[in-house]
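*Asks:*
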Amino acid sequence: MASNEHPSAIAPTHRPSRAKPKGGPRAGGKHVESAPDAGGEDVVDTGHGPERRCVLSGDHGPRDGLIRLALGPDGTVAPDVRAKAGGRGAWIAVDRVALETAIAKGKLKGALARAFKTASFLIPDDLPAQIERALERAALDRLGLEARAGNLVTGSERIVDAARKGTVALLLHARDAAADGTRKLDQALRVGLDMEGTDTRGLVIPASRAILSMALGRENVVHIALVAPAAAARVSDALGRWRGFIGRNGSAEPCDTPSQGPSALRN
């Protein structure tokens, strides 16, 4: 990570690793072994714990960074973003555009037939939209949980105070936040981190202030500051999956500049 990067200035996602030959070598002389788990799902052993393999790309990564698809009792494929549904499942690590293309070309159907060991299932036309809604719900639910646990701060003045003290682990802005308010909080964040003169800033998330207010049960939530590092990591993971799936349909896009680094964001 570049020296001027900070959790509040990056889109923290688990990036799936590129596919490796099953049982073949990987960098550093280590091996990647692939085998189905008790539920018949493709599990990759990297030597650092089990990972799941994307049925479309072959990429693999921690389960928290992929999206599980479950086969329901009626034979309908549905998103299982919390990975709690029983029965057979399959994992994907592609964004919405790639998924829609895979559905249109029949690639998802073939991949799921192999994963589910059956061709008797239905892929709903709105599966990509279902996944996006489920990821949004999971991210907003996580923010609500952290709010109830007292792990975040709202209100511009309270956030400025926390940011200048260097206690903000993750700074978030609603997609419809005013530019001047966002700049003020971003500057306070840089001051608290002793990173003035850099492009370190909070993340603009793909949710309006109205949605954030409902999620947190508070009025007029425009900016959110996570003040507990563990809570910030949990929120980052949930936001990372959501933002990663919707890609440029979100409110922030990746930058790749020397000062920001490849994972920094611009509004």
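With the UniProt record's numbering, the residue at position 250 of the sequence shown is 250, and numbering never jumps.
Yeah, the Cβ is synthetic: ideal placement off N, Cα and C, and Gly gets one too.
As the structure is a prediction and not an experimental result, all values here were calculated from the model.
Terminal residues of the continuous alpha helix (DSSP H) containing L69?
*Replies:* Unbroken run through L69 is the beta strand (DSSP E), I67 to L71; no alpha helix (DSSP H).
*Asks:* Pick helix, strand or coil for E51, following the three-state DSSP scheme.
*Replies:* Note: E51 maps to strand in three-state DSSP.
*Asks:* Using only the alpha-carbon positions, how far apart do A129 and Q187 sit?
*Replies:* One C-alpha to the other measures close to 36 Å.
*Asks:* Which residues mark the beginning and the end of the beta strand (DSSP E) in which A225 is found?
*Replies:* Unbroken beta strand (DSSP E) run through A225: H223 to L226.
*Asks:* Can you tell me whether DSSP reads P79 as helix, strand or coil?
*Replies:* Three-state result, P79: strand.
*Asks:* Measure the Cβ-Cβ separation of V204 and T154 and say whether it is below 7 Å.
*Replies:* Cβ distance not < 7 Å, so V204 and T154 don't count as in contact.
*Asks:* Going along the chain, which residues of its own chain have a beta-carbon closer than 6 Å to the beta-carbon of L112, five neighbours each way excluded?
*Replies:* A90.
*Asks:* Going by beta carbon distance, what residues of the same chain come within less than 7 Å of G29, once the five residues before and after it are set aside?
*Replies:* At G29 the pLDDT is 37, less than 50, meaning the model places this residue with poor confidence and gives no usable figure here.
*Asks:* I'd like to confirm the pairing. Which residues does DSSP put opposite V204 in its beta bridges?
*Replies:* BP columns for V204 point to H173.
*Asks:* If you draw a straight line from the C-alpha of R164 to the C-alpha of A225, how long is it?
*Replies:* When rounded, the distance between both Cα atoms is 12 Å.
*Asks:* On a CA-only basis, which of K109, I131 and A179 is nearest F121? Give me that one, please.
*Replies:* That would be K109, whose Cα lies nearest to the Cα of F121.
*Asks:* Return the Cβ separation of L143 and L216 in integer angstroms, given the expectation that the two are a contact with Cβ distance under 8 Å.
*Replies:* So it is a contact: roughly 6 Å between Cβ atoms.
*Asks:* Rounded to whole angstroms, what's the CA-CA distance from A231 to N151? Just pull it up for me.
*Replies:* Those two C-alpha atoms are separated by around 6 Å.
*Asks:* Put G155 into one of helix, strand or coil per three-state DSSP.
*Replies:* In this structure, G155 counts as coil in the three-state DSSP scheme.
*Asks:* When the distance is taken between beta carbons, is L172 closer than 7 Å to G202?
*Replies:* Yes, the Cβ-Cβ distance between G202 and L172 is below 7 Å.
*Asks:* Which two residues bound the contiguous alpha helix (DSSP H) that contains G247?
*Replies:* From DSSP, G247 is part of no alpha helix (DSSP H); its letter is neither H nor E.
*Asks:* So, is the C-beta of I103 closer than 7 Å to a C-beta in chain B?
*Replies:* Note that chain B does not occur in the displayed structure, where there is just one protein chain.
*Asks:* For G166 and V191, what's the separation of their Cα atoms in angstroms?
*Replies:* So the alpha carbons of these two residues sit roughly 8 Å apart.
*Asks:* Nearest to A207 by CA position, among A115, L69 and D176, is which residue?
*Replies:* Closest by alpha carbon: D176.
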